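Written below as structure tokens is the structure these notes are about.
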Amino acid sequence: MRPSDTETDSLGVSADSEGQACTSREVEADKDLLEYGQSLGLHDLESEKDADLKWVVNEAFEAPLPNNWTEHVDAEGRVYFFDQISEESTWSHPMDGVYRELIAFIKTVRAEDALSHPERLVDKVREHLLEVHQRALTHLEGWSGPYAAETGQYYFNDRLRLSTWVSPIDGWEYELAVRHSVLHRSLLAGCTRVEDTTRPSSSPDLLMTPMLQLPLGLARREDDAQSSSRSFYTARESSRSGASARSISDVSPNRAKRTSVLAPEVGATVPVRPA
């Protein structure tokens with residue numbers, strides 16, 4: 302006999318009520334995602350008709366924290382984010398601005414009809430990545446390391462007189478990897494000029510930018526195989542960063558809990574580089 306739609310289980314919960322609750326959660330999640338897309342500069346109509354931009358919004362919604370950021374909840378239950386290097390906090394997820402800029406860039410490139418000119422399109426994307434790479438170089442001025450300490454390795458900014466356990470390079474590598482991935486999928490997928498260059502085994506990536514690197518610390522262990530400079534391309538599979546990994550199971554639907562990668566030796570005092 303076919304079970305009734307309102308048949309209850311052993312706990313007295315009907316299948317009908319479970320379905321309604323599930324539908325309600327889905328509607329609420331869609332509403333949250335729509336509002337979030339608007340905060341990134343995506344209009345309702347664009348979100349409905351543009352699968353690529355909708356994918357970007359979904360990725361942004363689930364984006365892990367860069368490894369120098371941690372997530373906290375204040376006394377009123379509000380989520381905020383803390384930068385372990387600058388020791389500054391913000392209500393906004395640190396990757397929101399990156400995705401907002403990417404969406405604006407994608408919309409601008411499309412409006413210029415660059416999609417019909419593969420050569421020009423690749424150049425525009427490369428120029429964007431090089432511009433962000435230059436921002437990273439400017440931000441990294443004054444940093445050096447890693448330096449050896451009893452509890453691990455640390456980095457030092459001579460200009461700011463600031464020490465940290467977290468590599469200042471990792472966050473920028475993560476951001477560049479995200480930009481590379483989003484722009485390749487949204488603008489360059491199917492572009493004949495890059496189809497044969499996306500495999501590292503065949504030829505260098507056309508969008509590759511110079512490696513980010515810091516002056517090495519003199520106290521660095523010679524047997525330490527971990528380099529303090531890596532390209533953003535390889536950072537995507539980096540076990541050290543871990544920030545670029547995405548797992549749906551690690552993401553809360555209400556965006557209150559996103560994956561964060563904590564620095565080693567949490568709670569330990571960061572040593573100050575000796576003069």
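Under this note's numbering, the very last position in the sequence shown is 576; numbers go up by exactly one each time.
Glycine included, every Cβ here is placed at the ideal spot set by N, Cα and C.
Please read all numbers here as calculations on a predicted model, not as lab measurements.
Distance, residue j Cα to residue i Cα
| i | j | result |
| --- | --- | --- |
| H429 | L484 | 10 angstroms |
| N368 | A412 | 35 angstroms |
| P395 | R436 | 16 angstroms |
| W370 | K350 | 34 angstroms |
| L489 | G472 | 24 angstroms |
| L335 | E402 | 18 angstroms |
| G398 | P469 | 18 angstroms |
| I404 | L422 | 16 angstroms |
| H418 | V410 | 11 angstroms |
| A586 | R462 | Look at the range of the chain in this structure, 302 to 576, and you will see that residue 586 is not part of it. |
| L431 | L341 | 23 angstroms |
| L513 | I386 | 18 angstroms |
| Y455 | W444 | 11 angstroms |
| K425 | A376 | 46 angstroms |
| S390 | L366 | 13 angstroms |
| N458 | K355 | 39 angstroms |
| D331 | S464 | 42 angstroms |
| H481 | Y400 | 12 angstroms |
| L343 | W392 | 20 angstroms |
| K408 | H440 | 27 angstroms |
| D414 | E476 | 26 angstroms |
| R379 | E388 | 18 angstroms |
| Y448 | E360 | 35 angstroms |
Residues bridged to residue i [DSSP beta-bridge criterion]
| i | result |
| --- | --- |
| V410 | Beta-bridge pairing links V410 to no other residue. |
| D384 | W370 |
| S390 | F383 |
| A450 | G453 |
| W466 | In DSSP, W466 forms no bridge with anything. |
| N458 | W444, L463 |
Beta-carbon proximity list for residue i, same chain, < 7 angstroms, skipping 5 on both sides
| i | result |
| --- | --- |
| H373 | Y381, F383 |
| P565 | The pLDDT assigned to P565 is 36, lower than 50, so where the model puts this residue is not dependable; a value taken from the coordinates is nonetheless given after this. Excluding residues within five positions, the ones whose Cβ falls inside 7 angstroms are G453, W466. |
| F406 | H429 |
Residue i - DSSP class collapsed to helix/strand/coil
| i | result |
| --- | --- |
| D471 | helix |
| L489 | helix |
| L513 | strand |
| E377 | coil |
| A364 | coil |
| D244 | For residue 244 there is no data in the structure shown, the boundaries of the chain being 302 and 576. |
| L341 | coil |
| H418 | coil |
| R401 | helix |
| S539 | For S539, the pLDDT reaches just 29, beneath the cut-off of 50, and the residue's location in the model is therefore unreliable, although a value from the coordinates is still provided. Correct three-state label for S539: coil. |
Same chain only: Cβ atoms within 6 angstroms of residue i, ignoring 5 sequence neighbours per side
| i | result |
| --- | --- |
| A250 | Residue numbering for the chain in the displayed model covers 302 to 576; residue 250 lies beyond these limits and cannot be assessed. |
| K558 | Model confidence at K558 stands at a pLDDT of 36, short of 50, so the residue's coordinates are unreliable and nothing is read from them. |
Own chain residues within Cβ distance below 8 angstroms of residue i, not counting five before or after
| i | result |
| --- | --- |
| E442 | R460 |
| R486 | D353, W356 |
| L438 | L513 |
Residue i beta carbon near the ligand SAM (any heavy atom closer than 7 angstroms)
| i | result |
| --- | --- |
| Y381 | The ligand SAM is absent from the structure shown, which contains no ligand whatsoever. |
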